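For what it's worth, my numbering labels the leading residue of the sequence shown as 3, then goes sequentially.
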Amino acid sequence: MVKVNKRRVEDPKLIERRLPQILDAAIEQFGRNGYHATTIRDIADKAGISIGMIYQYVQDKEDLLYMSIMGTIDNYIREIELALEGLEDPLERFVAIIAALTRVIDRRRAAAVLGYRESKSLTREHMNYVIEREREVGDMISQCVNDCIDRRIFHQSDSEMLMYQCVVFAHNWALNSWRFKRAMSVDEYIIKGLSLILDAVLVKPGSVDLRRIIMRQSERPTLSAAKV
3 MVKVNKRRVE DPKLIERRLP QILDAAIEQF GRNGYHATTI RDIADKAGIS
53 IGMIYQYVQD KEDLLYMSIM GTIDNYIREI ELALEGLEDP LERFVAIIAA
103 LTRVIDRRRA AAVLGYRESK SLTREHMNYV IEREREVGDM ISQCVNDCID
153 RRIFHQSDSE MLMYQCVVFA HNWALNSWRF KRAMSVDEYI IKGLSLILDA
203 VLVKPGSVDL RRIIMRQSER PTLSAAKV
């Protein structure tokens, strides 16, 4: 269940055009100045709109933080679902889900880092909704892990622990992008990282042409490319 925020603006076209503009400004200002030091005026000035207009779309500053974090998680899920379309092989699905999560984090690094730094500032109610939505991402990864175990592609493993390792791996690209982006592309990061993860769980280590899988998946459409 996701909380629906009350807005004075009800026109879907206006919301679709204006709300992303407000949220992008909020993410930038929160990331630059910190959540508590940022004011609604800062966000309004960055977005090029009035303070009053912001309050037509959100209730308060905390609402903006919640919507920024929640919107990012929603984007993760949509990109993952798109990446999995048409894939039947359990191992390719596992690789696809981790690659998609890492790539969308790459495209939304500021928002991903914001979630780590400022989620503690959310109300308990909002935090519960965020945790519930994040659990959906984890469940999708765990299902892929369990499918690989059932097909004897992976050794019998703790699927939840492996899931958390994969989530941390994907987010680490954003948290340490200042270091990684000097040395490699996001696809190289995915290949090197997944090679280490898979070598520990594959029944037949070294049997997977991971580079071929990653490069083929990198050619698949994304929501960002489609501007969805």
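C-beta atoms are modelled at their ideal positions from N, C-alpha and C, and glycine is treated no differently. In this text the structure is predicted, and so the values were computed from the model without any measurement.
Is the stretch 190-202 touching the stretch 136-151, taking contact as three or more C-beta pairs under 8 Å?
Counting Cβ pairs under 8 Å, fewer than three are found: no touch.
Status (buried if at least 16 other CB within 10 Å, exposed otherwise) for Arg-214
Along the sequence shown, one-based indexing puts residue 214 at 212. Exposed: under 16 other Cβ atoms inside 10 Å.
Taking Ala-114 and His-173 to be in contact with their CB atoms under 8 Å, please state how far apart those CB atoms are, rounded to whole angstroms.
Here the question's residue 114 lines up with position 112 in the sequence shown. Here the question's residue 173 lines up with position 171 in the sequence shown. The Cβ separation is near 6 Å, so the contact holds.
Using the Cα positions of Thr-125 and Asp-62, report the straight-line distance between them to the nearest angstrom.
Taking the sequence shown and counting its residues from 1, one reaches residue 125 at position 123. Taking the sequence shown and counting its residues from 1, one reaches residue 62 at position 60. About 12 Å.
Alpha helix (DSSP H) segments (min. 4 residues) lying fully within the stretch 28-56
Those alpha helix (DSSP H) runs which fall completely within the stretch 28-56 and span 4+ residues are 42-49.
Suppose contacts are defined by Cβ-Cβ distances below 8 Å. Is Gly-50 in contact with Ala-112 by that definition?
For this step, residue 50 is matched to residue 48 along the sequence shown. For this step, residue 112 is matched to residue 110 along the sequence shown. Taking 8 Å as the Cβ cut-off, Gly-50 and Ala-112 do not qualify as a contacting pair.
Could you check which residue in Asn-130, Glu-136 and Leu-196 has the C-alpha nearest to that of Phe-171?
Residue numbering aside, residue 171 sits at position 169 when the sequence shown is read from its first letter. Nearest of Asn-130, Glu-136 and Leu-196 to Phe-171, Cα basis: Leu-196.
Using the Cα positions of Asp-108 and Lys-122, report the straight-line distance between them to the nearest angstrom.
Residue numbering aside, residue 108 sits at position 106 when the sequence shown is read from its first letter. Residue numbering aside, residue 122 sits at position 120 when the sequence shown is read from its first letter. Looking at the two C-alpha atoms, the distance is approximately 22 Å.
DSSP beta-bridge partners for Phe-182?
Within the sequence shown, the letter at position 180 stands for residue 182. None; Phe-182 has no bridge partner.
Only counting the same chain, and skipping five residues up and downstream in sequence, which positions put a Cβ closer than 8 Å to that of Asn-35?
Stepping through the sequence shown from its first residue, residue 35 is reached at position 33. Result list for Asn-35: Asp-44, in chain order.
Count the C-beta pairs between the stretch 62-74 and the stretch 179-192 that are closer than 8 Å, then say yes if the count reaches three, no if not.
no
Could you give the residue range of the alpha helix (DSSP H) that holds Ile-167?
Here the question's residue 167 lines up with position 165 in the sequence shown. Residue 167 is actually Gln in this sequence, not Ile. From DSSP, the alpha helix (DSSP H) with Gln-167 extends over 161-177.
Pick helix, strand or coil for Leu-212, following the three-state DSSP scheme.
Taking the first residue of the sequence shown as 1, we reach residue 212 at position 210. Helix.
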